[in-house]
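Novice: Here it is: the structure, laid out below.
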């Protein structure tokens with residue numbers, strides 16, 4: 226991408242160049258007149274005069290193409306950053322889940338141990354302990370699967386960063402960016418405005434359209450032919466002869482209608498591509514914002530359920546401290562709370578993924594803690 230941008234910048238220099246003059250030398254031999262010399266030499270220089278502002282139009286076209294190439298570099302840079310962020314978010318989610326599922330497995334192992342003691346004392350039925358052992362086995366499989374997801378996410382992060390996995394293992398990663406996100410507006414209006422004003426691919430497509438407009442203007446200007454001036458000098462048998470030749474293409478058989486029609490079609494194509502990209506971006510914003518709003522509501526419900534479950538767990542804990550319930554009842558209450566916290570964590574991960582979709586839809590950082598509010602929205 227950077228090499229293409231450099232080539233586009235060089236094309237601006239090329240577009241602004243003035244055509245070099247053309248030197249002609251026409252020696253002539255006289256078969257009759259031989260005194261003082263049968264030879265005459267007539268050098269002439271042809272200067273091309275471009276009409277209808279062709280050079281400024283070419284420069285404008287090249288500058289638009291260079292601007293489009295620069296925005297392509299920005300788009301590619303965002304895509305690389307988005308890949309790293311996506312892999313890092315996936316690793317954060319996997320490691321967060323692993324910590325909870327390991328705690329839940331340890332608690333389930335303690336619960337099974339308590340039930341086995343109760344079964345030995347004849348207080349617990351075989352069916353109850355079999356059910357909890359099955360739950361324990363399922364939790365072990367869940368833990369193993371989560372470990373695999375952590376390893377996979379770490380490998381994806383190494384690939385996104387472009388370093389070997391072994392090098393990444395030695396790095397102490399921080400996930401503080403995912404702890405909180407910037408405030409997101411309540412409506413999509415400011416999000417739409419921000420995206421259409423700031424997304425690099427939108428601005429690049431606009432620059433491409435400007436280049437197609439300049440290309441059309443250039444073809445229209447070619448209806449007016451360039452002019453060639455050719456001053457010359459000839460020394461002929463002691464006489465100094467000066468000439469001034471004027472030449473131009475005669476637009477008799479065509480007035481450049483074909484290239485104009487092609488340039489017009491390419492401009493229409495560029496406009497259609499811009500409108501398609503705009504519709505795609507706006508649709509992506511609506512979709513990601515809808516997911517974000519829905520997930521936010523689900524998280525509020527999950528918070529309420531966790532708070533309710535924590536209140537019940539505290540009641541069981543107080544009853545246990547008072548000797549009213551046994552260790553098994555307390556372990557079951559702890560398990561219910563931990564299971565609900567795991568469910569809430571899954572919703573939190575989904576919410577961060579929804580924010581990730583918004584980031585990509587707007588090409589704007591929401592996980593970055595530095596202040597960068599949306600204009601007119603925050």
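Numbering (my numbering), first residue to last: 226 to 603. Even glycine gets a Cβ: it sits at the ideal position worked out from N, Cα and C.
Take the Cβ of residue 600 as the centre, count every other Cβ of all protein chains shown within 10 Å, and call the residue buried at 16 or more, exposed below.
Specialist: Here residue 600 scores only 46 on pLDDT, less than 50, and its place in the model should not be relied on; the value that follows carries that caveat. Looking at its Cβ environment, which holds fewer than 16 other Cβ atoms inside 10 Å, residue 600 is exposed.
Novice: With DSSP run on the structure shown, which of helix, strand or coil describes residue 592?
Specialist: Residue 592 falls in the coil class under three-state DSSP.
Novice: In the DSSP assignment, find the beta strand (DSSP E) that holds residue 340 and state where it starts and stops.
Specialist: Note, residue 340: premise wrong, no beta strand (DSSP E); alpha helix (DSSP H) at 279-345.
Novice: Buried or exposed for residue 527, going by 16 or more other Cβ atoms inside 10 Å?
Specialist: Residue 527 comes out buried.
Novice: Cα separation between residue 234 and residue 287?
Specialist: Using only the alpha carbons, I get a separation of about 8 Å.
Novice: Beta-carbon separation of residue 588 and residue 415 under 8 Å?
Specialist: No. Outside cutoff.
Novice: Bridge partners for residue 556 per DSSP, in chain order?
Specialist: DSSP output for residue 556 lists no bridge partner at all.
Novice: How big is the Cα-Cα spacing for residue 598 and residue 399?
Specialist: Note on residue 598: pLDDT 49, under 50, position unreliable in the model; the coordinate value appears next. For residue 598 and residue 399, the distance between alpha carbons rounds to 24 Å.
Novice: Below 8 Å CB to CB, which residues in the same chain sit around residue 351 once its five sequence neighbours on both sides are set aside?
Specialist: Once the five neighbours on either side are set aside, the close Cβ partners of residue 351 are 344.
Novice: Identify whether residue 274 lies in helix, strand or coil by the three-state DSSP scheme.
Specialist: Here residue 274 sits in strand by DSSP.
Novice: For residue 264, count neighbouring C-beta atoms within 10 Å of its own C-beta (all shown protein chains included) and say buried if the count is 16 or more, exposed if not.
Specialist: Residue 264 comes out exposed.
Novice: Among the residues of its own chain, which have a CB less than 7 Å from the CB of residue 381, if the five just before and after it don't count?
Specialist: Here the set comprises 312 and 315.
Novice: Have a look at residue 267 and residue 255 and give me their C-alpha separation to the nearest angstrom.
Specialist: Rounded to the nearest angstrom, the two C-alpha atoms are 13 Å apart.
Novice: Which residues in the same chain have their Cβ closer than 8 Å to the Cβ of residue 556, if we skip the five residues on either side of it in sequence?
Specialist: Only 332, 335, 336 and 339 meet the Cβ criterion.
Novice: Assuming residue 524 and residue 576 form a contact by the criterion Cβ under 8 Å, report the distance between their Cβ atoms to the nearest whole angstrom.
Specialist: Contact holds; Cβ gap of about 6 Å.
Novice: Assuming residue 395 is part of the beta strand (DSSP E), what are its boundary residues?
Specialist: First-last for residue 395: undefined, no H or E at that position.
Novice: Classify residue 603 as helix, strand or coil using the three-state DSSP reduction.
Specialist: Low confidence applies to residue 603: its pLDDT is 38, below 50, so where it sits in the model is not reliable enough to give any reading.
Novice: Who pairs with residue 244 in a beta bridge, going by DSSP?
Specialist: Note: residue 244 sits in no beta bridge, so no partner.
Novice: For residue 519, which beta-bridge partners are listed by DSSP?
Specialist: Note: residue 519 sits in no beta bridge, so no partner.
Novice: How would you write the range of the beta strand (DSSP E) that residue 469 sits in, first residue to last?
Specialist: Residues 464-473.
Novice: Could you check if residue 532 is buried or exposed, using at least 16 other CB atoms within 10 Å of its CB as the buried criterion?
Specialist: That one is exposed.
Novice: Tell me whether the segment 451-469 and the segment 322-330 touch, counting them as touching only if at least three CB pairs, one residue from each stretch, are closer than 8 Å.
Specialist: Short answer: they don't touch.
Novice: Using a Cβ-Cβ cut-off of 6 Å (strictly less than) and excluding sequence neighbours within five positions of residue 537, which residues of its own chain qualify?
Specialist: Closer than 6 Å at the Cβ level, and outside the excluded window around residue 537, lies no residue.
Novice: Which two residues bound the contiguous alpha helix (DSSP H) that contains residue 267?
Specialist: Note, residue 267: premise wrong, no alpha helix (DSSP H); not H, not E.
Novice: Can you check which of these residues, 243, 272 and 308, is closest to residue 283 by C-alpha distance?
Specialist: Per the Cα distances, 243.
Novice: Looking only at its chain, what residues have a beta carbon closer than 7 Å to the beta carbon of residue 481, apart from the 5 residues adjacent to it on each side?
Specialist: Only 444, 447 and 448 meet the Cβ criterion.
Novice: Suppose you measure from the CA of residue 516 to the CA of residue 578; what does that come to, to the nearest Å?
Specialist: Going from the Cα of residue 516 to the Cα of residue 578 covers about 9 Å.
Novice: Could you check the C-alpha separation between residue 562 and residue 320 for me, to the nearest Å?
Specialist: Roughly 20 Å between the two C-alpha positions.
Novice: Measure the C-alpha to C-alpha separation of residue 461 and residue 250 and round it to an integer number of angstroms.
Specialist: Cα to Cα, residue 461 sits roughly 14 Å from residue 250.
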